[in-house]
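Chemist: My numbering numbers the first residue of the sequence shown as 10 and each following residue consecutively. For every residue, glycine included, the Cβ atom is placed at its ideal position computed from N, Cα and C. Small disclaimer: the values here were computed from a predicted structure and weren't measured.
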Amino acid sequence: MNVWSGGDDGAVDPPRAESCVLVSSGGMQLSYPAGSDRSMHEMRSEELQDHADASQAVHASDSDLANKETSAGETADAKGEEEPLRRRLSVSCFLGWYWSRLTGYDQSLSAYGIYPSWDQLIALTFTCFTLILLGLIEHYGIHPLLNHTLSVFFPAIGSSCTLVYAAPKAPMAQPRNIIVAHVTAAIIGTALANAFRTVKEQPFGHHCAGALGVGLHLVLMMLTNTMHPPASATVITAATAKMNAYYHDEGFLFVVSPVLFGSLFTTLCACLLNNLVPSRSPYPQYW
Numbered sequence: 010m011n012v013w014s015g016g017d018d019g020a021v022d023p024p025r026a027e028s029c030v031l032v033s034s035g036g037m038q039l040s041y042p043a044g045s046d047r048s049m050h051e052m053r054s055e056e057l058q059d060h061a062d063a064s065q066a067v068h069a070s071d072s073d074l075a076n077k078e079t080s081a082g083e084t085a086d087a088k089g090e091e092e093p094l095r096r097r098l099s100v101s102c103f104l105g106w107y108w109s110r111l112t113g114y115d116q117s118l119s120a121y122g123i124y125p126s127w128d129q130l131i132a133l134t135f136t137c138f139t140l141i142l143l144g145l146i147e148h149y150g151i152h153p154l155l156n157h158t159l160s161v162f163f164p165a166i167g168s169s170c171t172l173v174y175a176a177p178k179a180p181m182a183q184p185r186n187i188i189v190a191h192v193t194a195a196i197i198g199t200a201l202a203n204a205f206r207t208v209k210e211q212p213f214g215h216h217c218a219g220a221l222g223v224g225l226h227l228v229l230m231m232l233t234n235t236m237h238p239p240a241s242a243t244v245i246t247a248a249t250a251k252m253n254a255y256y257h258d259e260g261f262l263f264v265v266s267p268v269l270f271g272s273l274f275t276t277l278c279a280c281l282l283n284n285l286v287p288s289r290s291p292y293p294q295y296w
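1. Between S169 and M181, what straight-line distance do the alpha-carbon atoms span, to the nearest angstrom?
2. Whose CA, out of E210, T246, A204, H237, lies closest to the CA of A176?
3. Can you find a CB in chain B that lies within less than 8 Å of the CB of I151?
4. Inspect the beta-carbon positions of A194 and H226 and report whether they are closer than 8 Å.
5. Report the residue ranges of all beta strand (DSSP E) runs contained in full by the region 150-219; include only those spanning at least 3 residues, in chain order.
6. Going by DSSP in three states, W312 sits in which element: helix, strand or coil?
7. On a Cα-Cα basis, can you pick out the residue from P93, S99, I131 that is closest to P287?
8. For T276, which residues from the same chain have a beta carbon less than 6 Å from its beta carbon, with the 5 sequence-adjacent residues on both sides left out?
9. I'd like the list of long-range same chain contacts for G144, defined as Cβ closer than 8 Å, with 5 residues on each side in sequence excluded.
10. What is the DSSP secondary structure of R95, counted as helix, strand or coil?
11. Measuring CB atoms only, is the region 141-160 touching the region 266-280, in the sense that at least three cross pairs come out at less than 8 Å?
12. Using a 10 Å radius around the Cβ and a threshold of 16 neighbouring Cβ atoms, would you call G224 buried or exposed?
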């Protein structure tokens, strides 16, 4: 402590506080006033605590990095194991879905059973009447006049009768569908039969003509919205059967008779007969 005299009254100045300098473990000088409330022991404790916190942070960072690397490795291994499992699940799901479609996708739509009604007897009567009348026209009307050389009866017309008398409200049973589908089927079948006539392997050539004709005619019916399934049989008949061969017209008379004539006759009978019974739906629904 320095004592010196100053002033005229010779008073002694109060002691000046010295600075206490501490050197940390890192070589840094830490200066605190000598009059501070904190002791050297407290300052040393704080310094050690700071170093401990820093060490814990470093260890925590290293631990997190190691955990991340371990997690990444485990994730890669899990993905590698899950990939075959996903493929197996996909195959099993597809097989289950496909089997459900084969066994009946919606069993609630099942309507099997016997449901007798008078309408079934009416449909039976009208179908037999139409086809028998068409056969009588051919046998007693056309054959005597043309020396049995022209036919008006063909197999697919029976399927058309089934539709117009069993489901008169169905779009497939309407006059436009019947006439347009049968006529276009006859044209396609006859044209392809002539195109495949040169194939040496017969009747395989005619069978190919019928197969191709059914596919093309199906697309045509879908495009023109004139779907009538019985007309597919007309394509097969035109491609494979020899009808009206006497006329040597390359088969195109088949389009007029029996196809056009039979379609018009069936439509006319359906219009007359279905509307005779009040309990049946009006026919046609549209032209």
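Modeler: In short, the structure shows the following:
1. Spanning the two alpha carbons is a distance of roughly 9 Å.
2. Out of E210, T246, A204, H237, H237 has the C-alpha closest to the C-alpha of A176.
3. This model lacks chain B altogether; it includes just one protein chain.
4. If you check the CB distance, A194 and H226 come in under 8 Å.
5. Counting whole runs of 3 or more residues, the region 150-219 contains no beta strand (DSSP E) stretch at all.
6. What is shown of the chain runs 10 to 296, which leaves residue 312 out entirely.
7. Comparing Cα-Cα distances from P287 to each of P93, S99, I131, the minimum goes to I131.
8. Once the five neighbours on either side are set aside, the close Cβ partners of T276 are P184, I187.
9. If the five residues before and after G144 are omitted, its C-beta is found closer than 8 Å to the C-beta atoms of F162, all from its own chain and listed in chain order.
10. DSSP places R95 in helix when its eight states are reduced to three.
11. Yes: the two stretches touch, three or more of their Cβ pairs being nearer than 8 Å.
12. Within a 10 Å sphere around the beta-carbon of G224 sit fewer than 16 other beta-carbons, which makes this residue exposed.
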